[in-house]
Amino acid sequence: MTGATPDFRQYIGGDWSVPEGMPAIAQCDPATGQARAPMPVSTRDDVARAVAAAAASGWEGSPKPARLDLMRRLLEAVARREGDFTALISDEIGAPVDFARKQQVGAALGHLQATLAAADAASDDQAVAPDSPEHRVRYEALGPAALITPWNWPLNQVVLKVGAALLAGCPMVLKPSELSSRTGVLFAECMAEAGTPPGVFNLVLGGAESGAALVGAHAIRVVSFTGSTGAGQAIAAAAAPGFKRTILELGGKSPNLLFADCDLPVAIQQGMAHCMRNAGQSCNAASRMLVERSVYDQAVALAAEAARDTDVGRPDANGAHIGPLVSAAQWQRVQSYIALGRSEGARCIAGGEGLPAGLDGGFYARPTVFADVTPQMRIFQEEIFGPVLTMTPFDDEAEAIALANNSDFGLAGYLQTGSPERADRVARALQVGMVQVNGQSRAAGAPFGGRKSSGVGREAGLWGIRGYQAVKSISGAAFHDD
11 MTGATPDFRQ YIGGDWSVPE GMPAIAQCDP ATGQARAPMP VSTRDDVARA VAAAAASGWE
71 GSPKPARLDL MRRLLEAVAR REGDFTALIS DEIGAPVDFA RKQQVGAALG HLQATLAAAD
131 AASDDQAVAP DSPEHRVRYE ALGPAALITP WNWPLNQVVL KVGAALLAGC PMVLKPSELS
191 SRTGVLFAEC MAEAGTPPGV FNLVLGGAES GAALVGAHAI RVVSFTGSTG AGQAIAAAAA
251 PGFKRTILEL GGKSPNLLFA DCDLPVAIQQ GMAHCMRNAG QSCNAASRML VERSVYDQAV
311 ALAAEAARDT DVGRPDANGA HIGPLVSAAQ WQRVQSYIAL GRSEGARCIA GGEGLPAGLD
371 GGFYARPTVF ADVTPQMRIF QEEIFGPVLT MTPFDDEAEA IALANNSDFG LAGYLQTGSP
431 ERADRVARAL QVGMVQVNGQ SRAAGAPFGG RKSSGVGREA GLWGIRGYQA VKSISGAAFH
491 DD
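Take 11 as the starting number for the sequence shown in this note's numbering and just add one per residue.
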(Lines of atoms letter the chains of each structure in order from A and count residues from 1; the text may use other names and numbers.)
(Lines give C-alpha, C1' and ligand atoms only; values in the text may rest on other atoms or scores of the structure.)
Protein backbone atom coordinates (compact mmCIF):
# COMPACT_ATOMS: atom_id res chain seq x y z
CA MET A 1 0.00 0.00 0.00
CA THR A 2 3.01 2.31 -0.24
CA GLY A 3 1.91 5.76 -1.39
CA ALA A 4 -1.76 5.10 -0.59
CA THR A 5 -3.79 6.50 2.26
CA PRO A 6 -4.44 3.61 4.66
CA ASP A 7 -7.99 2.57 5.41
CA PHE A 8 -9.24 2.24 8.98
CA ARG A 9 -8.25 -1.28 9.99
CA GLN A 10 -7.27 -3.10 13.15
CA TYR A 11 -4.31 -5.47 13.40
CA ILE A 12 -4.70 -8.38 15.80
CA GLY A 13 -2.48 -11.44 16.05
CA GLY A 14 -0.84 -10.66 12.72
CA ASP A 15 -4.15 -10.35 10.83
CA TRP A 16 -5.90 -7.28 9.42
CA SER A 17 -9.64 -6.73 9.77
CA VAL A 18 -12.19 -3.93 9.67
CA PRO A 19 -13.66 -3.10 13.10
CA GLU A 20 -17.40 -3.49 13.35
CA GLY A 21 -18.07 -1.65 16.59
CA MET A 22 -20.70 1.06 16.76
CA PRO A 23 -21.14 3.93 16.76
CA ALA A 24 -18.40 5.07 14.40
CA ILE A 25 -16.44 8.18 15.40
CA ALA A 26 -16.88 11.33 13.31
CA GLN A 27 -13.85 12.65 11.43
CA CYS A 28 -13.18 16.15 10.08
CA ASP A 29 -10.58 17.87 7.90
CA PRO A 30 -8.79 20.46 10.09
CA ALA A 31 -7.86 22.55 7.05
CA THR A 32 -11.41 22.98 5.74
CA GLY A 33 -13.77 21.92 8.49
CA GLN A 34 -15.41 19.47 6.11
CA ALA A 35 -16.61 16.08 7.35
CA ARG A 36 -14.72 12.94 6.41
CA ALA A 37 -15.69 9.29 6.49
CA PRO A 38 -16.21 8.22 10.12
CA MET A 39 -13.83 5.84 11.86
CA PRO A 40 -15.14 2.40 12.83
CA VAL A 41 -14.26 1.31 16.35
CA SER A 42 -12.96 -1.94 17.78
CA THR A 43 -15.40 -3.83 19.99
CA ARG A 44 -14.62 -5.01 23.53
CA ASP A 45 -14.21 -8.48 22.05
CA ASP A 46 -11.68 -7.09 19.56
CA VAL A 47 -9.71 -5.53 22.40
CA ALA A 48 -9.84 -8.78 24.36
CA ARG A 49 -8.57 -10.71 21.33
CA ALA A 50 -5.71 -8.24 20.89
CA VAL A 51 -4.68 -8.57 24.55
CA ALA A 52 -4.90 -12.36 24.33
CA ALA A 53 -2.72 -12.33 21.21
CA ALA A 54 -0.10 -10.24 22.99
CA ALA A 55 -0.16 -12.48 26.06
CA ALA A 56 0.29 -15.61 23.91
CA SER A 57 3.09 -14.18 21.73
CA GLY A 58 5.99 -15.34 23.91
CA TRP A 59 7.86 -12.08 23.29
CA GLU A 60 8.81 -11.76 26.98
CA GLY A 61 11.20 -14.67 26.45
CA SER A 62 12.72 -13.38 23.23
CA PRO A 63 16.53 -13.08 23.17
CA LYS A 64 17.96 -9.61 23.04
CA PRO A 65 19.54 -10.05 19.56
CA ALA A 66 16.09 -10.85 18.14
CA ARG A 67 14.64 -7.70 19.69
CA LEU A 68 17.46 -5.57 18.33
CA ASP A 69 17.14 -7.07 14.84
CA LEU A 70 13.38 -6.41 14.76
CA MET A 71 13.94 -2.84 15.89
CA ARG A 72 16.45 -2.28 13.10
CA ARG A 73 13.99 -3.60 10.53
CA LEU A 74 11.25 -1.39 11.97
CA LEU A 75 13.48 1.67 11.71
CA GLU A 76 14.17 0.84 8.06
CA ALA A 77 10.46 0.34 7.36
CA VAL A 78 9.47 3.68 8.90
CA ALA A 79 12.28 5.46 7.05
CA ARG A 80 11.08 3.98 3.75
CA ARG A 81 7.60 5.35 4.40
CA GLU A 82 8.81 8.83 5.42
CA GLY A 83 6.95 10.50 2.55
CA ASP A 84 3.74 8.61 3.31
CA PHE A 85 3.90 9.56 6.99
CA THR A 86 4.59 13.19 6.12
CA ALA A 87 1.58 13.47 3.82
CA LEU A 88 -0.71 11.58 6.18
CA ILE A 89 0.20 13.55 9.32
CA SER A 90 -0.24 16.81 7.41
CA ASP A 91 -3.64 15.70 6.16
CA GLU A 92 -4.84 14.10 9.38
CA ILE A 93 -3.97 16.71 12.03
CA GLY A 94 -3.29 19.77 9.87
CA ALA A 95 0.48 20.01 10.44
CA PRO A 96 2.17 22.03 7.67
CA VAL A 97 3.91 19.61 5.34
CA ASP A 98 7.46 20.88 5.98
CA PHE A 99 6.91 20.74 9.74
CA ALA A 100 5.39 17.28 9.41
CA ARG A 101 8.45 16.03 7.54
CA LYS A 102 11.24 17.73 9.50
CA GLN A 103 9.77 17.72 13.00
CA GLN A 104 6.98 15.17 13.26
CA VAL A 105 8.57 12.36 11.22
CA GLY A 106 12.13 13.54 11.84
CA ALA A 107 11.67 13.38 15.61
CA ALA A 108 10.14 9.91 15.38
CA LEU A 109 13.07 8.56 13.40
CA GLY A 110 15.47 10.16 15.87
CA HIS A 111 13.72 8.51 18.82
CA LEU A 112 13.82 5.10 17.15
CA GLN A 113 17.55 5.49 16.54
CA ALA A 114 18.22 6.70 20.11
CA THR A 115 16.19 3.90 21.69
CA LEU A 116 17.93 1.29 19.55
CA ALA A 117 21.35 2.71 20.48
CA ALA A 118 20.47 2.73 24.18
CA ALA A 119 19.33 -0.90 24.12
CA ASP A 120 22.37 -1.99 22.14
CA ALA A 121 24.71 -0.40 24.68
CA ALA A 122 22.94 -1.55 27.87
CA SER A 123 22.71 -4.97 29.47
CA ASP A 124 19.58 -6.49 30.96
CA ASP A 125 21.72 -8.41 33.45
CA GLN A 126 24.31 -6.52 35.46
CA ALA A 127 26.53 -7.32 38.43
CA VAL A 128 25.85 -5.19 41.49
CA ALA A 129 29.61 -4.62 41.78
CA PRO A 130 32.48 -5.57 39.42
CA ASP A 131 34.00 -7.95 41.98
CA SER A 132 30.67 -9.65 42.83
CA PRO A 133 29.35 -11.33 39.64
CA GLU A 134 27.15 -13.66 41.70
CA HIS A 135 25.16 -10.66 42.98
CA ARG A 136 23.16 -9.37 40.02
CA VAL A 137 20.37 -7.06 39.02
CA ARG A 138 18.25 -8.37 36.18
CA TYR A 139 15.76 -6.34 34.11
CA GLU A 140 12.83 -8.43 32.90
CA ALA A 141 9.79 -7.60 30.78
CA LEU A 142 6.73 -6.74 32.84
CA GLY A 143 4.36 -8.38 30.35
CA PRO A 144 1.71 -7.21 27.89
CA ALA A 145 1.60 -3.43 27.53
CA ALA A 146 -1.30 -1.11 26.74
CA LEU A 147 -0.12 1.88 24.70
CA ILE A 148 -2.50 4.84 24.30
CA THR A 149 -1.20 7.72 22.20
CA PRO A 150 -2.35 11.28 21.41
CA TRP A 151 -3.08 13.07 18.15
CA ASN A 152 -0.72 16.04 18.42
CA TRP A 153 2.51 14.11 17.70
CA PRO A 154 0.89 10.98 16.25
CA LEU A 155 3.98 9.12 15.04
CA ASN A 156 6.48 10.47 17.54
CA GLN A 157 4.48 9.30 20.56
CA VAL A 158 3.81 5.91 18.98
CA VAL A 159 7.48 5.13 18.36
CA LEU A 160 8.52 6.30 21.85
CA LYS A 161 6.20 3.70 23.36
CA VAL A 162 6.43 0.90 20.82
CA GLY A 163 10.22 1.04 20.50
CA ALA A 164 10.75 0.97 24.27
CA ALA A 165 8.22 -1.83 24.86
CA LEU A 166 9.60 -3.88 21.96
CA LEU A 167 13.19 -3.69 23.21
CA ALA A 168 12.13 -4.31 26.82
CA GLY A 169 10.51 -7.58 25.73
CA CYS A 170 6.89 -6.54 26.20
CA PRO A 171 4.24 -7.53 23.64
CA MET A 172 1.73 -4.76 23.17
CA VAL A 173 -1.61 -3.39 22.08
CA LEU A 174 -1.63 0.13 20.64
CA LYS A 175 -4.70 2.35 20.63
CA PRO A 176 -3.95 5.63 18.86
CA SER A 177 -6.09 8.74 19.23
CA GLU A 178 -9.34 8.70 17.30
CA LEU A 179 -8.15 11.95 15.65
CA SER A 180 -4.98 10.40 14.19
CA SER A 181 -5.69 6.70 13.84
CA ARG A 182 -4.73 6.44 10.17
CA THR A 183 -1.16 7.32 11.20
CA GLY A 184 -1.38 4.41 13.63
CA VAL A 185 -2.58 2.12 10.84
CA LEU A 186 0.32 3.16 8.62
CA PHE A 187 2.71 2.43 11.49
CA ALA A 188 1.12 -0.99 11.91
CA GLU A 189 1.88 -1.62 8.23
CA CYS A 190 5.53 -0.86 9.03
CA MET A 191 5.44 -3.34 11.90
CA ALA A 192 4.09 -5.99 9.53
CA GLU A 193 6.70 -5.12 6.87
CA ALA A 194 9.42 -5.48 9.51
CA GLY A 195 8.41 -9.09 10.09
CA THR A 196 7.02 -8.67 13.60
CA PRO A 197 5.93 -12.08 14.94
CA PRO A 198 2.15 -12.47 15.31
CA GLY A 199 0.78 -11.03 18.55
CA VAL A 200 3.88 -9.03 19.49
CA PHE A 201 2.25 -5.85 18.15
CA ASN A 202 -1.51 -5.32 17.90
CA LEU A 203 -3.57 -2.27 16.91
CA VAL A 204 -7.13 -1.45 17.94
CA LEU A 205 -9.18 1.63 17.07
CA GLY A 206 -11.57 3.72 19.10
CA GLY A 207 -12.00 6.41 21.71
CA ALA A 208 -12.24 6.45 25.49
CA GLU A 209 -14.34 3.28 25.67
CA SER A 210 -11.78 1.24 23.74
CA GLY A 211 -9.02 2.68 25.89
CA ALA A 212 -10.86 1.76 29.10
CA ALA A 213 -11.37 -1.81 27.88
CA LEU A 214 -7.66 -2.06 27.11
CA VAL A 215 -6.49 -0.66 30.45
CA GLY A 216 -8.93 -2.90 32.32
CA ALA A 217 -7.90 -6.14 30.61
CA HIS A 218 -6.58 -8.58 33.21
CA ALA A 219 -3.47 -9.64 31.27
CA ILE A 220 -2.17 -6.07 30.83
CA ARG A 221 0.75 -5.42 33.18
CA VAL A 222 1.91 -1.94 32.14
CA VAL A 223 -0.01 1.04 30.75
CA SER A 224 1.66 3.91 28.92
CA PHE A 225 -0.56 6.91 28.19
CA THR A 226 0.10 10.35 26.75
CA GLY A 227 -2.74 12.86 26.91
CA SER A 228 -4.69 15.08 29.27
CA THR A 229 -4.22 15.13 33.02
CA GLY A 230 -7.87 14.24 33.59
CA ALA A 231 -7.66 11.16 31.40
CA GLY A 232 -4.39 10.21 33.08
CA GLN A 233 -6.05 10.33 36.49
CA ALA A 234 -8.82 8.01 35.25
CA ILE A 235 -6.27 5.58 33.81
CA ALA A 236 -4.23 5.56 37.02
CA ALA A 237 -7.37 4.80 39.03
CA ALA A 238 -8.38 1.99 36.65
CA ALA A 239 -4.89 0.47 36.78
CA ALA A 240 -4.55 0.66 40.56
CA PRO A 241 -6.63 -2.41 41.56
CA GLY A 242 -4.33 -4.66 39.52
CA PHE A 243 -1.18 -2.78 40.57
CA LYS A 244 -0.36 -2.25 36.91
CA ARG A 245 2.57 0.04 36.30
CA THR A 246 1.53 3.33 34.71
CA ILE A 247 3.68 5.62 32.61
CA LEU A 248 1.75 8.88 32.27
CA GLU A 249 2.94 11.79 30.13
CA LEU A 250 0.31 14.43 30.75
CA GLY A 251 -0.29 18.17 30.40
CA GLY A 252 1.97 21.14 30.90
CA LYS A 253 2.09 24.89 31.40
CA SER A 254 5.80 25.33 30.96
CA PRO A 255 7.56 28.52 32.12
CA ASN A 256 10.21 30.29 30.06
CA LEU A 257 12.37 32.55 32.26
CA LEU A 258 14.08 35.48 30.51
CA PHE A 259 16.67 37.32 32.61
CA ALA A 260 17.94 40.76 31.65
CA ASP A 261 21.42 39.41 30.81
CA CYS A 262 20.15 37.11 28.03
CA ASP A 263 20.22 37.90 24.31
CA LEU A 264 16.68 39.25 24.41
CA PRO A 265 15.81 39.31 20.66
CA VAL A 266 17.04 35.74 20.24
CA ALA A 267 15.26 34.61 23.41
CA ILE A 268 11.98 36.14 22.25
CA GLN A 269 12.22 34.58 18.79
CA GLN A 270 13.06 31.14 20.21
CA GLY A 271 10.43 31.41 22.94
CA MET A 272 7.70 32.44 20.53
CA ALA A 273 8.62 29.61 18.15
CA HIS A 274 8.54 27.06 20.96
CA CYS A 275 5.12 28.28 22.06
CA MET A 276 3.58 28.52 18.60
CA ARG A 277 5.00 25.48 16.79
CA ASN A 278 2.48 22.75 16.02
CA ALA A 279 -0.12 25.53 16.47
CA GLY A 280 0.64 25.49 20.20
CA GLN A 281 -0.54 21.87 20.48
CA SER A 282 2.42 20.44 22.40
CA CYS A 283 2.42 19.45 26.05
CA ASN A 284 5.87 21.00 26.57
CA ALA A 285 5.10 24.29 24.80
CA ALA A 286 6.86 27.27 26.40
CA SER A 287 3.53 28.99 27.03
CA ARG A 288 4.34 31.11 30.13
CA MET A 289 7.01 33.73 29.44
CA LEU A 290 8.41 35.28 32.64
CA VAL A 291 10.57 38.36 32.01
CA GLU A 292 12.82 40.42 34.27
CA ARG A 293 11.11 43.78 34.77
CA SER A 294 14.02 45.91 33.55
CA VAL A 295 13.59 44.48 30.02
CA TYR A 296 9.88 43.62 30.22
CA ASP A 297 8.56 46.47 28.05
CA GLN A 298 11.13 45.69 25.36
CA ALA A 299 10.23 42.01 25.54
CA VAL A 300 6.52 42.77 25.18
CA ALA A 301 7.15 44.83 22.07
CA LEU A 302 9.36 42.13 20.55
CA ALA A 303 6.83 39.38 21.35
CA ALA A 304 3.99 41.34 19.78
CA GLU A 305 6.05 41.82 16.63
CA ALA A 306 7.02 38.13 16.55
CA ALA A 307 3.37 37.08 16.90
CA ARG A 308 2.34 39.35 14.02
CA ASP A 309 5.15 37.82 11.94
CA THR A 310 3.97 34.26 12.65
CA ASP A 311 2.22 33.16 9.50
CA VAL A 312 -0.80 30.88 9.56
CA GLY A 313 -1.61 28.88 6.45
CA ARG A 314 -2.82 25.69 4.88
CA PRO A 315 -1.07 22.46 5.82
CA ASP A 316 -0.39 21.47 2.20
CA ALA A 317 1.66 24.64 1.56
CA ASN A 318 5.42 24.68 2.00
CA GLY A 319 6.92 27.10 4.48
CA ALA A 320 7.52 27.80 8.16
CA HIS A 321 3.93 28.78 8.96
CA ILE A 322 1.66 27.13 11.52
CA GLY A 323 -1.46 25.26 10.46
CA PRO A 324 -4.94 24.80 11.90
CA LEU A 325 -5.93 23.34 15.23
CA VAL A 326 -6.97 19.71 15.03
CA SER A 327 -10.74 19.98 15.53
CA ALA A 328 -13.71 22.27 16.01
CA ALA A 329 -13.73 21.42 19.72
CA GLN A 330 -10.07 22.42 20.06
CA TRP A 331 -10.70 25.67 18.16
CA GLN A 332 -13.61 26.54 20.45
CA ARG A 333 -11.47 25.76 23.49
CA VAL A 334 -8.74 28.16 22.37
CA GLN A 335 -11.25 30.87 21.50
CA SER A 336 -12.84 30.59 24.93
CA TYR A 337 -9.46 31.01 26.63
CA ILE A 338 -8.65 34.08 24.55
CA ALA A 339 -11.98 35.60 25.57
CA LEU A 340 -11.29 34.59 29.18
CA GLY A 341 -7.91 36.33 29.12
CA ARG A 342 -9.56 39.58 28.12
CA SER A 343 -12.23 39.24 30.82
CA GLU A 344 -9.57 38.53 33.45
CA GLY A 345 -7.87 41.82 32.64
CA ALA A 346 -4.83 40.64 30.72
CA ARG A 347 -3.61 42.95 27.96
CA CYS A 348 -3.94 41.36 24.51
CA ILE A 349 -1.01 42.76 22.51
CA ALA A 350 -1.32 40.52 19.44
CA GLY A 351 -3.89 38.25 17.89
CA GLY A 352 -7.23 37.66 19.56
CA GLU A 353 -10.43 35.81 18.76
CA GLY A 354 -11.54 34.68 15.32
CA LEU A 355 -9.90 33.36 12.20
CA PRO A 356 -6.67 34.84 10.81
CA ALA A 357 -7.03 37.19 7.85
CA GLY A 358 -7.48 35.40 4.53
CA LEU A 359 -8.65 32.11 6.05
CA ASP A 360 -12.40 31.66 6.04
CA GLY A 361 -12.68 27.92 6.73
CA GLY A 362 -11.02 25.30 8.87
CA PHE A 363 -9.86 25.53 12.46
CA TYR A 364 -7.18 28.22 12.27
CA ALA A 365 -6.40 30.37 15.32
CA ARG A 366 -4.62 33.72 15.46
CA PRO A 367 -1.20 33.72 17.20
CA THR A 368 -2.07 35.54 20.41
CA VAL A 369 0.01 37.17 23.17
CA PHE A 370 -1.26 38.42 26.52
CA ALA A 371 0.87 40.77 28.61
CA ASP A 372 0.55 41.69 32.31
CA VAL A 373 -0.76 38.24 33.21
CA THR A 374 -0.87 37.45 36.94
CA PRO A 375 -0.75 34.07 38.70
CA GLN A 376 -4.38 34.49 39.79
CA MET A 377 -5.57 34.37 36.17
CA ARG A 378 -6.71 31.08 34.72
CA ILE A 379 -4.75 31.71 31.51
CA PHE A 380 -1.60 31.67 33.70
CA GLN A 381 -2.51 28.36 35.35
CA GLU A 382 -4.45 26.28 32.80
CA GLU A 383 -3.20 24.53 29.69
CA ILE A 384 -4.73 26.18 26.61
CA PHE A 385 -3.14 23.93 23.96
CA GLY A 386 -3.17 26.54 21.24
CA PRO A 387 -1.01 29.40 19.89
CA VAL A 388 -1.41 31.58 22.98
CA LEU A 389 1.48 33.04 25.02
CA THR A 390 1.21 34.75 28.40
CA MET A 391 3.81 37.27 29.66
CA THR A 392 4.48 38.15 33.31
CA PRO A 393 7.19 40.42 34.80
CA PHE A 394 9.41 39.53 37.77
CA ASP A 395 11.80 41.63 39.88
CA ASP A 396 14.47 39.16 40.96
CA GLU A 397 15.60 35.57 40.71
CA ALA A 398 13.63 34.40 43.72
CA GLU A 399 10.39 35.79 42.32
CA ALA A 400 11.12 34.26 38.92
CA ILE A 401 11.52 30.82 40.47
CA ALA A 402 8.39 31.27 42.58
CA LEU A 403 6.34 32.27 39.54
CA ALA A 404 7.70 29.38 37.50
CA ASN A 405 6.83 26.87 40.22
CA ASN A 406 3.38 28.39 40.84
CA SER A 407 1.66 25.71 38.80
CA ASP A 408 0.04 22.32 39.24
CA PHE A 409 2.08 21.20 36.23
CA GLY A 410 5.76 20.34 36.13
CA LEU A 411 6.68 19.08 32.68
CA ALA A 412 9.32 21.40 31.22
CA GLY A 413 11.11 24.65 32.01
CA TYR A 414 13.08 27.00 29.78
CA LEU A 415 15.73 29.42 30.97
CA GLN A 416 17.52 32.27 29.18
CA THR A 417 20.50 33.93 30.88
CA GLY A 418 24.08 34.97 30.19
CA SER A 419 25.24 33.70 33.58
CA PRO A 420 26.36 30.04 33.76
CA GLU A 421 26.08 30.15 37.55
CA ARG A 422 22.50 31.39 37.42
CA ALA A 423 21.64 28.86 34.72
CA ASP A 424 22.66 25.98 36.97
CA ARG A 425 21.15 27.50 40.12
CA VAL A 426 17.76 28.21 38.60
CA ALA A 427 17.62 24.95 36.62
CA ARG A 428 18.02 23.03 39.88
CA ALA A 429 15.29 25.10 41.55
CA LEU A 430 12.60 24.53 38.89
CA GLN A 431 10.04 21.85 39.85
CA VAL A 432 9.92 20.23 36.42
CA GLY A 433 11.13 17.09 34.70
CA MET A 434 13.19 18.81 32.00
CA VAL A 435 15.05 22.12 31.68
CA GLN A 436 16.51 23.63 28.51
CA VAL A 437 18.91 26.56 28.83
CA ASN A 438 19.46 29.21 26.17
CA GLY A 439 17.73 27.23 23.44
CA GLN A 440 19.74 24.05 23.94
CA SER A 441 17.82 20.99 22.71
CA ARG A 442 17.75 17.78 24.75
CA ALA A 443 20.33 15.15 23.87
CA ALA A 444 19.19 12.08 21.96
CA GLY A 445 17.87 9.56 24.46
CA ALA A 446 17.47 12.08 27.28
CA PRO A 447 14.50 11.28 29.53
CA PHE A 448 11.18 12.95 28.67
CA GLY A 449 8.57 13.40 31.40
CA GLY A 450 7.40 15.58 34.23
CA ARG A 451 6.40 16.02 37.86
CA LYS A 452 3.22 16.94 39.72
CA SER A 453 0.16 16.94 37.42
CA SER A 454 2.38 16.44 34.38
CA GLY A 455 2.62 12.74 35.12
CA VAL A 456 4.89 9.94 36.27
CA GLY A 457 7.57 7.92 34.53
CA ARG A 458 9.91 8.76 31.70
CA GLU A 459 10.11 8.06 27.97
CA ALA A 460 12.99 8.00 25.44
CA GLY A 461 16.28 6.15 25.38
CA LEU A 462 17.20 3.71 28.14
CA TRP A 463 14.84 5.51 30.54
CA GLY A 464 11.94 4.56 28.31
CA ILE A 465 12.97 0.91 28.02
CA ARG A 466 13.36 0.46 31.77
CA GLY A 467 9.80 1.71 32.28
CA TYR A 468 8.55 -1.59 30.79
CA GLN A 469 10.83 -3.80 32.87
CA ALA A 470 10.80 -5.19 36.41
CA VAL A 471 13.96 -5.27 38.52
CA LYS A 472 14.99 -8.64 39.97
CA SER A 473 17.85 -9.13 42.44
CA ILE A 474 19.72 -12.44 42.12
CA SER A 475 22.34 -13.49 44.69
CA GLY A 476 24.47 -16.61 44.50
CA ALA A 477 24.39 -17.26 40.75
CA ALA A 478 26.62 -15.58 38.21
CA PHE A 479 25.17 -14.83 34.77
CA HIS A 480 25.61 -17.45 32.06
CA ASP A 481 24.47 -16.58 28.54
CA ASP A 482 22.83 -19.71 27.20
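Note that beta-carbon positions come from the ideal geometry of N, C-alpha and C, so glycine has one too.
{"Item": "Should F253 be labelled buried (16 or more other beta-carbon atoms within 10 Å of its own) or exposed?", "Value": "exposed"}
{"Item": "Write down the C-beta distance between A317 and T402 rounded to the nearest angstrom, noting that I regard them as a contact closer than 8 angstroms.", "Value": "A317 to T402, Cβ: 16 angstroms. No contact."}
{"Item": "Straight-line CA distance for V195 to A470?", "Value": "22 angstroms"}
{"Item": "Going by DSSP in three states, K462 sits in which element: helix, strand or coil?", "Value": "strand"}
{"Item": "Give me the Cβ distance between V344 and I394, rounded to the nearest whole Å; I'm assuming they're in contact under 8 angstroms.", "Value": "6 angstroms"}
{"Item": "Is the beta carbon of Q441 less than 8 angstroms from the beta carbon of G420?", "Value": "yes"}
{"Item": "Is any heavy atom in the ligand MN found nearer than 7 angstroms to the beta carbon of D94?", "Value": "As presented, the structure is devoid of all ligands, the ligand MN included, so that no description of it is given."}
{"Item": "Relative to the C-alpha of D271, which residue among D130, F197, T427, A198 is closest?", "Value": "T427"}
{"Item": "Of the choices L84, A131, A156, whose alpha-carbon is the least far from that of A64?", "Value": "A156"}
{"Item": "Exposed or buried, what is K112 when buried is set at 16 or more other beta-carbons lying within 10 Å of its beta-carbon?", "Value": "exposed"}
{"Item": "Suppose you measure from the CA of L224 to the CA of T159; what does that come to, to the nearest Å?", "Value": "13 angstroms"}
{"Item": "Would you verify that the beta carbon of G460 is, or is not, closer than 8 angstroms to some beta carbon of chain D?", "Value": "In the displayed structure, chain D is absent; only one protein chain is listed."}
{"Item": "Is C358 helix, strand or coil by DSSP?", "Value": "strand"}
{"Item": "Tell me the rounded alpha-carbon separation between P334 and I230.", "Value": "36 angstroms"}
{"Item": "Hey, quick one: how far does the alpha helix (DSSP H) through D307 stretch, first residue to last?", "Value": "306-318"}
{"Item": "Do you know offhand how far E409's Cα is from N415's?", "Value": "10 angstroms"}
{"Item": "In whole angstroms, what separates the C-alpha of A204 from that of R432?", "Value": "48 angstroms"}
{"Item": "Quick check: the segment 302-313 against the segment 124-131, are there 3 or more CB pairs under 8 angstroms?", "Value": "no"}
{"Item": "How would you call K263, buried or exposed, if buried means at least 16 neighbouring beta carbons within 10 angstroms?", "Value": "buried"}
{"Item": "Residues in its own chain within less than 7 angstroms of A105 by CB, not counting five upstream and five downstream?", "Value": "I99, Q114, N288, P325, G333"}
{"Item": "What does the alpha-carbon distance come out to for the pair A34 and P48?", "Value": "6 angstroms"}
{"Item": "With the cut-off set at 8 angstroms, would you say F109 and T193 are in Cβ contact?", "Value": "no"}
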